[in-house]
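**Student:**
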Amino acid sequence: MASEQLSREEFDLLAKLLGVDGEPAYLDELYSQVRGVYISAKNIREIDVSGAEPDMAFIPPTD
Amino acid sequence: MDTLEICYMSAGDLSKLVKNKEVSPVEIIDAHLTRIEATEPVLNSFITLLAEESRTAARQAEKDIQAGRYKGPLHGIPVGLKDLYNTGGVRTTSGSKIFDTFIPEEDCTVAAKFQQAGAILLGKLNMHQFAYGPTGENPDYGHMHNPWNPEMVTGGSSGGSGSAAAAGQCTITTGSDTGGSIRIPAALCGIVGLKPTYGLVSRWGLTALSWSLDHPGPMVRTVEDAAITMNIIAGYDPKDVASAKVDIPDYTTALTGDVRGLRIGMPKEYFEAPLDPQVRKAVLDAVSMLESMGAEVKEVSFPMFNQSQAISSTVLMAEATAYHRDLLEKDGYQLYEPVRQRLEAGLFISAADYLRAQQARALLDQEGRRLLDDVDLLAGPTEPVTAPKLLAPRVLAGEQEIGVVGALTQYTRPYNINGFPAISVPCGFSDTGLPIGLQLAGKPFDELTVLRAAHAYEQATDWHTRRPPL
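Quick note, the sequences are listed as chains U and R, same order. Mapping of the first sequence onto this note's numbering: position 62 corresponds to residue 63, and the numbering continues sequentially without gaps. Mapping of the second sequence onto this note's numbering: position 60 corresponds to residue 76, and the numbering continues sequentially without gaps.
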């Protein structure tokens with residue numbers, strides 16, 4: 002699970018582990034995007050999902 | 017008949033003339049090719065134009081009709097497909113030069129259905145690269161331009177479909193909608209876009225963006241044409257694992273013009289979000305008109321709306337990255353940088369967070385179903401703003417300046433998450449002449465009610481009769 006905040010150092014380490022590379026300007030922009038990902042994850046963790054099974058997709062009738 | 021009139025006729029009207037042999041498919045195709053020649057340098061709607069192929073098909077359609085082999089309301093009608101619909105023998109790029117020479121061996125299910133119905137494929141339409149963006153940017157094949165003001169975006173990802181239908185380049189176009197990619201360009205280009213219920217239209221043969229959020233559907237100039245198109249493309253497809261086995265009605269039976277007794281809910285959260293005042297007024301006026309026509313309107317609450325961006329982006333980014341991971345590793349350097357960034361950002365989503373988003377998705381689905389126990393439709397804006405400037409990173413929505421991607425998907429994403437049918441229908445123009453869309457969403461597989469209300473509103477107004485200044 003993602004921590005609530007992602008420092009630039011943590012991002013650089015994760016990026017390296019994930020094989021993500023690029024020019025400094027590209028990585029700056031990607032860091033900004035990934036911080037957005039972490040904010041979304043934090044928002045979702047604040048929702049009480051107890052009792053809810055993952056809805057992998059809206060399941061249409063098949064018979 | 018004036019060629020421009022042919023280009024702006026609906027499929028419903030055009031098909032009557034074709035059936036009565038008052039207009040030939042050859043005239044129709046020639047008129048559209050002339051229109052495309054005149055407008056394409058401004059709009060850039062097409063990636064592949066099939067001029068000779070469509071003329072040949074039109075001559076065959078003309079012969080068939082003359083010989084009494086009329087196939088139905090799409091026989092001889094020009095269709096454009098978003099360039100992620102596989103077409104046998106015709107290149108399908110998904111909006112990327114990486115697939116510039118990819119020629120599928122067979123049609124996707126939707127393309128095959130159009131072919132069987134006698135429709136004529138005019139070309140493959142421009143799109144945001146791999147459908148991963150809501151604006152209609154494409155450095156590989158050129159950005160798409162809004163027919164109402166070419167300095168503005170078409171919306172995306174099905175931007176070429178939006179501009180082609182709005183500018184009279186095609187009678188019927190198709191899009192695919194993962195976070196709003198049918199309804200966004202429909203609203204910003206001033207046309208009708210229907211995202212059907214998940215599983216109603218086959219995804220087989222379309223390049224995926226996010227398996228559980230992708231919905232193919234029609235983008236046209238009238239609600240009647242959306243119904244006619246749904247009659248052709250909806251239905252069970254064993255090739256698509258998510259395809260629904262449901263009875264397919266005649267969608268044109270919804271077009272009664274009568275909304276008496278229809279219950280419409282207005283989620284209050286829609287009007288607490290950042291929203292341009294002109295859009296707010298146009299949407300409220302549209303709902304008032306439906307009320308004056310006999311619908312019952314009431315305010316409802318949809319609290320999970322405020323979590324829909326977070327849920328949708330987490331699911332979408334994780335699934336898109338999973339789908340495109342090999343491409344990212346092999347050809348990532350060839351991707352449009354913002355698309356590559358979105359795909360790489362998806363690598364940072366943990367499995368636990370993806371599943372948590374799917375749990376939250378179940379809650380949003382339940383909340384939407386509860387709301388639709390009380391009302392037949394949910395109404396609101398399709399977009400909080402009119403078309404932003406091309407390549408602008410931010411846009412003013414009311415008093416707040418917000419990111420363009422978040423703004424354009426603000427109202428559309430909830431119905432990708434729960435799979436409910438949702439339509440965008442034109443409901444006005446800003447004082448700068450840009451279109452505004454009304455979004456109506458209904459119960460799963462109740463496209464009839466969605467189409468009924470959209471059609472009644474459309475027929476009571478003249479927004480759909482206006483033409484862009486091209």
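Glycine included, each C-beta is placed from N, C-alpha and C at the ideal position.
1) I need the DSSP call for Ser440 of chain R, collapsed to helix, strand or coil.
2) Give the residues of chain R in contact with Asp56 of chain U, contact being defined as C-beta atoms less than 7 Å apart.
3) Can you name the residues of chain R whose CB is closer than 7 Å to the CB of Gly46 of chain U?
4) Starting from the Cα of Glu69 of chain R, find the closest Cα among R:Glu38, R:Val106 and R:Ala250 and give me that residue.
5) Could you pull out every residue in the same chain whose Cβ sits closer than 6 Å to the Cβ of Ile52 of chain R, ignoring the five residues on either side in sequence?
6) Quick one: Cα of Asp123 of chain R to Cα of Gln82 of chain R, how far?
7) Could you compute how far the alpha carbon of Glu489 of chain R sits from the alpha carbon of Met282 of chain R?
8) Output, in sequence order along the chain, the residues in the region 317-330 of chain R whose CB is closer than 8 Å to any CB in chain U.
9) Please indicate yes or no: does the CB of Leu65 of chain R lie closer than 7 Å to some heavy atom of the ligand FAD?
10) If the cut-off is 7 Å on Cβ atoms, which residues from the region 7-20 of chain U count as contacting chain R, listed in chain order?
11) Residues of chain U with CB closer than 8 Å to the CB of Phe287 of chain R, please, in chain order.
12) Looking only at C-alpha atoms, which of R:His340, R:Leu379, R:Thr223 and R:Val239 sits nearest to Lys211 of chain R?
13) Counting only beta-carbon separations shorter than 8 Å, does Asp369 of chain R have a partner in chain U?
14) Should the region 405-412 of chain R be called in touch with the region 33-50 of chain R, which here means at least 3 C-beta pairs below 8 Å?
15) Alpha carbon to alpha carbon, how far is Tyr24 of chain R from Pro442 of chain R?
16) Looking at the structure shown, is Glu345 of chain R part of a helix, part of a strand, or coil, going by DSSP?
17) Please name the residue, chosen from R:Ala74, R:Thr108, R:Leu100 and R:Arg468, that lies closest to Pro94 of chain R on a Cα-to-Cα basis.
18) Mind reading off the beta-carbon distance from Ile452 of chain R to Phe461 of chain R? Whole number of angstroms is fine, and I expect it under 8 Å.
19) Smallest Cα separation from Gly139 of chain R: which of R:Arg199, R:Glu345 and R:Phe130?
20) Give the range of the beta strand (DSSP E) segment to which Glu312 of chain R is assigned.
21) Could you tell me which residues DSSP puts in a beta bridge with Arg410 of chain R?
22) Ala472 of chain R: buried (16+ other C-beta within 10 angstroms of its C-beta) or exposed?
23) By the criterion of Cβ-Cβ separation under 7 Å, what are the contact partners of Phe118 of chain R in chain U?
24) Keeping to the same chain, check which residues put their C-beta closer than 7 Å to that of Asp193 of chain R; ignore five residues upstream and five downstream.
25) What residue range does the alpha helix (DSSP H) around Lys405 of chain R cover?
26) Since Gly348 of chain R contacts Arg358 of chain R with CB under 8 Å, what's their CB separation in whole angstroms?
27) Kindly indicate which residue of R:Asp478, R:Tyr101 and R:Thr337 has the alpha-carbon position closest to the one of Thr190 of chain R.
28) Note down, in chain order, each residue of its chain lying with its Cβ closer than 7 Å to the Cβ of Val126 of chain R, except the 5 sequence neighbours on either side.
29) Which same chain residues, not among the five before or five after Glu474 of chain R, have their C-beta less than 6 Å away from its C-beta?
30) State the CB to CB distance for the pair Ser366 of chain R and Gly195 of chain R, rounded to an integer number of angstroms; the pair is presumed to be in contact (CB under 8 Å).
31) Gln455 of chain R by DSSP, collapsed to three states: which one?
32) For Val310 of chain R, count the other beta carbons within 10 Å of its own beta carbon; 16 or more makes it buried, fewer makes it exposed. Which is it?
33) Per DSSP, Asp193 of chain R forms a beta bridge with which residues?
34) Are any of the Cβ atoms in chain U nearer than 8 Å to that of Ala438 of chain R?
**Tutor:** Well, looking at it:
1) Counting from one through the second sequence, the residue named residue 440 of chain R turns up at place 424. If DSSP states are grouped into helix, strand and coil, Ser440 of chain R belongs with the strands.
2) Position 55 of the first sequence, counted from the start, is the residue given in the question as residue 56 of chain U. Simply Gln374, Arg377, Ala378 and Asp381.
3) Here residue 46 of chain U corresponds to residue number 45 of the first sequence, with the count starting at 1. Just to set this straight, residue 46 of chain U is Arg in the shown sequence, not Gly. In chain order: Arg372.
4) Your numbering for residue 69 of chain R matches position 53 in the second sequence. For Glu69 of chain R, the nearest C-alpha among the options comes from R:Val106.
5) One-based indexing of the second sequence puts residue 52 of chain R at position 36. Taken in chain order, the residues that qualify are Gln185.
6) In the second sequence, the residue the question calls residue 123 of chain R occupies position 107. In the second sequence, the residue the question calls residue 82 of chain R occupies position 66. Inter-residue distance for Asp123 of chain R and Gln82 of chain R is about 27 Å (C-alpha atoms, whole angstroms).
7) Any answer about residue 489 of chain R is impossible in this case: the structure gives chain R only from 17 up to 486.
8) If the cut-off is 8 Å between Cβ atoms, the region 317-330 of chain R has Gln323, Gln325, Ala326, Ile327, Ser329 and Thr330 near chain U.
9) Only the bare structure without any ligand can be found here, which leaves the ligand FAD out of the picture.
10) Residues of the region 7-20 of chain U with a Cβ closer than 7 Å to any Cβ of chain R, in chain order: Leu15 and Leu19.
11) As a position in the second sequence, residue 287 of chain R is number 271, starting the count at 1. Using a Cβ-Cβ cut-off of 8 Å, Phe287 of chain R is close to nothing in chain U; its nearest Cβ partner there is about 21 Å away.
12) Taking the second sequence and counting its residues from 1, one reaches residue 211 of chain R at position 195. Of the residues R:His340, R:Leu379, R:Thr223 and R:Val239, the one whose Cα lies closest to the Cα of Lys211 of chain R is R:Val239.
13) Residue numbering aside, residue 369 of chain R sits at position 353 when the second sequence is read from its first letter. True, the Cβ-Cβ gap to chain U drops below 8 Å.
14) No, the region 405-412 of chain R is not in contact with the region 33-50 of chain R.
15) Start at 1 with the first residue of the second sequence, and residue 24 of chain R comes out as number 8. Start at 1 with the first residue of the second sequence, and residue 442 of chain R comes out as number 426. Going from the Cα of Tyr24 of chain R to the Cα of Pro442 of chain R covers about 16 Å.
16) Mapped onto the second sequence, residue 345 of chain R falls at position 329. Three-state DSSP puts Glu345 of chain R in a helix.
17) Position 78 of the second sequence holds residue 94 of chain R. Out of R:Ala74, R:Thr108, R:Leu100 and R:Arg468, R:Ala74 has the C-alpha closest to the C-alpha of Pro94 of chain R.
18) Here residue 452 of chain R refers to the residue found at position 436 of the second sequence. Here residue 461 of chain R refers to the residue found at position 445 of the second sequence. Incorrect: roughly 28 Å between the Cβ atoms, too far for contact.
19) Translated into the one-based positions of the second sequence, residue 139 of chain R becomes position 123. Nearest of R:Arg199, R:Glu345 and R:Phe130 to Gly139 of chain R, Cα basis: R:Phe130.
20) The residue given as residue 312 of chain R occupies position 296 in the second sequence. Glu312 to Val316 is the span of the beta strand (DSSP E), which, as asked, contains Glu312 of chain R.
21) Translated into positions along the second sequence, residue 410 of chain R becomes position 394. DSSP output for Arg410 of chain R lists R:Gly419 as bridge partner(s).
22) Within the second sequence, numbered from 1, the residue matching residue 472 of chain R stands at position 456. It is buried - the Cβ of Ala472 of chain R has at least 16 other Cβ atoms within 10 Å.
23) The count along the second sequence starts at 1 and reaches residue 118 of chain R at position 102. The premise fails here: Phe118 of chain R is roughly 26 Å from chain U at the closest Cβ pair, so nothing lies under 7 Å.
24) Locating residue 193 of chain R in the second sequence gives position 177, where the first residue counts as 1. So the qualifying residues of the chain are Arg199, Lys211, His231, Gly233 and Asn432.
25) Against the second sequence, residue 405 of chain R aligns to sequence position 389. Run containing Lys405 of chain R: none; DSSP gives neither H nor E here.
26) The residue you call residue 348 of chain R lines up with position 332 of the second sequence. The residue you call residue 358 of chain R lines up with position 342 of the second sequence. Beta-carbon to beta-carbon, Gly348 of chain R and Arg358 of chain R are separated by about 12 Å, too far to satisfy the 8 Å threshold.
27) Locating residue 190 of chain R in the second sequence gives position 174, where the first residue counts as 1. That would be R:Tyr101, whose Cα lies nearest to the Cα of Thr190 of chain R.
28) As a first step, residue 126 of chain R must be located in the second sequence, where it is residue number 110. These residues qualify, in order along the chain: Tyr101, Thr190, Val217, Ser218, Pro232 and Ile249.
29) In the second sequence, residue 474 of chain R corresponds to position 458, counting from 1. Sequence-distant partners of Glu474 of chain R (beyond 5 residues in either direction) whose C-beta falls short of 6 Å from its own C-beta, in its chain, are Val239, Val441 and His480.
30) Taking the second sequence and counting its residues from 1, the one referred to as residue 366 of chain R is at position 350. Taking the second sequence and counting its residues from 1, the one referred to as residue 195 of chain R is at position 179. So it is not a contact: roughly 21 Å between Cβ atoms.
31) Mapped onto the second sequence, residue 455 of chain R falls at position 439. Three-state DSSP puts Gln455 of chain R in a strand.
32) The count along the second sequence starts at 1 and reaches residue 310 of chain R at position 294. The residue you asked about is not Val; residue 310 of chain R is Gly in the sequence shown. If you draw a 10 Å sphere on the C-beta of Gly310 of chain R, you find fewer than 16 other C-beta atoms in it, and that means exposed.
33) Counting from 1 along the second sequence, the entry for residue 193 of chain R is found at position 177. DSSP, once it has assigned bridges, lists R:His231 as partnering Asp193 of chain R.
34) Walking along the second sequence from the start, residue 438 of chain R turns up at place 422. Ala438 of chain R does not count as touching chain U.
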